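Working notes for the structure below.
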Amino acid sequence: MKALAFVATLVTGAILLYGTMDFPAWGDPQAPASVHLSTHYIEEAVAETHVPNIVTAVLGDYRGYDTMFETIVIYCAGLAVVSVLRRSR
Amino acid sequence: MKILQERIKHTKFGESLIIETAIRIMVPFIQLFGLYVIVHGHYSPGGGFQGGVILGASFILIGLGYDFKTSLSRMQEKTNIILGNLGALLYTGVAILCALMGGLFLDYSALDKLIPMGPIEWRSFGIFLVEVGVGLAVMSIMVSLFWDLCSGGDLDEGL
């Protein structure tokens, strides 16, 4: 069983490594991630949101949906611990 | 956790005058710095998550340096829960208010119809409101997790 798991791990790793061969080079300025939205954020974020810190502009405005559910995840973690552990006095 | 509590009970960790005095002096500045990190997130690294964690850490520091009761007396249990819910509700409430005012969900420029100060300024201010909500929620959850885990849930003793 252990040998089978080892082989499965090796095969999965090999497939993943094969998949990374299609990636653009690290830091490539022509990569899709660099030419699609990043240029828009870098050039227009300050004019569009009046926030000098682009990270905050992306986090709070452009990616606000993501940040909202990050907060909800933390809230649910606290809620779970309270509901499991806390006892009324 | 029990072993840790026993070990701390034997050391005189909670009764050290130096530690208590240092914490008493430091905590206001830590809380001020936490508020600064939340509010100054527009201009420097920081924001709701980081500032909220710093604010929560100040209450945890009181709990570590003094004892559990002191930490609980500085921040009421009920207030903590209300603040946490208020933080999460502030974020979702601003988002839903944007949708109600005729914009998209989380499109802060739609709030211009409520208080006219320019759609771009509202996008900046909307980010600020949202960061305050995140900071409140993170602070309250941090403190609540610490209380529950160190006292076993009954908020009676521990540390």
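Residue numbers (the working numbering), protein chains in the order written: chain A, 2 to 90; chain B, -4 to 154. Where is the CB? At the ideal position from N, CA and C, for every residue including glycine. In this text the structure is predicted, and so the values were computed from the model without any measurement.
Residues near V129 (chain B) in its chain [Cβ-Cβ closer than 8 Å; skip 5 each side]: The residue given as residue 129 (chain B) occupies position 134 in the second sequence. Counting only Cβ-Cβ distances below 8 Å, and skipping sequence neighbours, we find G42, G43, F44, G47, G82 and Y86.
Reduced DSSP secondary structure (H/G/I, E/B, other) of H35 (chain B): Locating residue 35 (chain B) in the second sequence gives position 40, where the first residue counts as 1. Correct three-state label for H35 (chain B): helix.
For L101 (chain B) and Y66 (chain A), believed in contact at Cβ under 8 Å, the rounded distance: As a first step, residue 66 (chain A) is located in the first sequence; it is residue number 65 there, counting from the start. As a first step, residue 101 (chain B) is located in the second sequence; it is residue number 106 there, counting from the start. Their Cβ separation, rounded to whole angstroms, is 6 Å, which keeps Y66 (chain A) and L101 (chain B) in contact under 8 Å.
Below-8 Å beta-carbon distance, V129 (chain B) vs any chain A residue: Taking the first residue of the second sequence as position 1, residue 129 (chain B) is located at position 134. With 8 Å as the cut-off, V129 (chain B) counts as an interface residue toward chain A.
Buried or exposed by the 16-neighbour rule on C-beta atoms within 10 Å, applied to W117 (chain B): Looking up residue 117 (chain B) in the second sequence gives position 122. Note on W117 (chain B): 16 or more other CB atoms within 10 angstroms of its CB, so buried under the neighbour-count rule.
A34 (chain A) versus Y19 (chain A): straight-line alpha-carbon distance, rounded: For the purposes of this step, residue 34 (chain A) is identified with residue 33 of the first sequence, where counting begins at 1. For the purposes of this step, residue 19 (chain A) is identified with residue 18 of the first sequence, where counting begins at 1. Whole-angstrom Cα-Cα distance: 20 Å.
Close-in-space but distant-in-sequence residues of the same chain around S32 (chain B) (CB under 8 Å, 5 per side omitted): Here residue 32 (chain B) refers to the residue found at position 37 of the second sequence. The sequence given here places Val at residue 32 (chain B); Ser does not occur at that position. Counting only Cβ-Cβ distances below 8 Å, and skipping sequence neighbours, we find G41, G42, Q45, G46 and I49.
Chain A within 8 Å of V133 (chain B), Cβ atoms only: Residue mapping note: residue 133 (chain B) aligns to position 138 of the second sequence, counting from 1. Chain A contact via Cβ: present.
Cβ separation of V133 (chain B) and G51 (chain B), assumed to be a contact under 8 Å, to the nearest whole Å: Within the second sequence, numbered from 1, the residue matching residue 133 (chain B) stands at position 138. Within the second sequence, numbered from 1, the residue matching residue 51 (chain B) stands at position 56. At roughly 7 Å, the Cβ-Cβ gap stays under 8 Å, so V133 (chain B) and G51 (chain B) are in contact.
Beta-carbon separation (whole angstroms), G36 (chain B) vs T72 (chain A), contact threshold 8 Å: Within the second sequence, the letter at position 41 stands for residue 36 (chain B). Within the first sequence, the letter at position 71 stands for residue 72 (chain A). The beta carbons of G36 (chain B) and T72 (chain A) sit about 14 Å from each other, so the pair does not count as a contact at 8 Å.
Interface residues of chain A facing E116 (chain B) [CB-CB closer than 7 Å]: Walking along the second sequence from the start, residue 116 (chain B) turns up at place 121. The answer, in chain order, is H51.
Any non-hydrogen atom of the ligand ZN closer than 7 Å to G97 (chain B) Cβ: In the structure on display, the ligand ZN does not appear, and there are no ligands present to speak of.
Alpha helix (DSSP H) segment containing G46 (chain B), residue limits: Taking the second sequence and counting its residues from 1, the one referred to as residue 46 (chain B) is at position 51. Residues G43 to G60.
Three or more C-beta pairs below 8 Å linking the region 138 to 146 of chain B and the region 62 to 75 of chain B: yes
Cutoff 8 Å; reference V127 (chain B); Cβ partners in own chain excluding five residues on either side: The residue labelled residue 127 (chain B) in the question sits at position 132 within the second sequence. Same-chain partners within the cutoff: I33, G43, G82 and L85.
Chain A residues whose Cβ lies nearer than 8 Å to that of A83 (chain B): Position 88 of the second sequence, counted from the start, is the residue given in the question as residue 83 (chain B). Residues of chain A passing the Cβ test: T72, I73 and Y76.
Where W117 (chain B) falls: helix, strand or coil (DSSP): For the purposes of this step, residue 117 (chain B) is identified with residue 122 of the second sequence, where counting begins at 1. Of the three classes helix, strand and coil, the one that applies to W117 (chain B) here is helix, per DSSP.
Between the CA atoms of F24 (chain A) and V12 (chain A) - distance to the nearest angstrom: Locating residue 12 (chain A) in the first sequence gives position 11, where the first residue counts as 1. Locating residue 24 (chain A) in the first sequence gives position 23, where the first residue counts as 1. Each residue's alpha carbon lies about 20 Å from the other.
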